[in-house]
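Numbering (our numbering), first residue to last: 59 to 162.
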């Protein structure tokens, strides 16, 4: 829909750019804890497997982050030894996962 509007020039350029820009933002983030969930063909289940991590790019729950796009990504956090941290407004780093393990 957005690509069609861009091609037809049926939406103002600034709206198209905003919707594309927001695709680069994290819409969802979860470190999953469901021990009963098993890998299957349904992403909605795979998002919840214990010790896996789920990130979605694009639209989430924030009304100011409107976008046409939403992409779910599920990682095996311990196996891939991921490092995940956030940075607060003061520039301080806060670890969530360090080398695939929950930070203390």
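Using N, Cα and C, we set each Cβ at its ideal position, and we do this for glycine too. For clarity, every value in this text was computed on a predicted model and none was experimentally measured.
Annotation: the continuous beta strand (DSSP E) that includes residue 114 extends over 110-116.
Comparing C-alpha distances from residue 126 to each of 74, 91, 105 shows the shortest one belongs to 74. For residue 140, the three-state secondary structure derived from DSSP is coil. Where residue 107 is concerned, there is no enclosing alpha helix (DSSP H), because DSSP gives it neither an H nor an E. Secondary structure at residue 72: helix, using DSSP grouped into helix, strand and coil.
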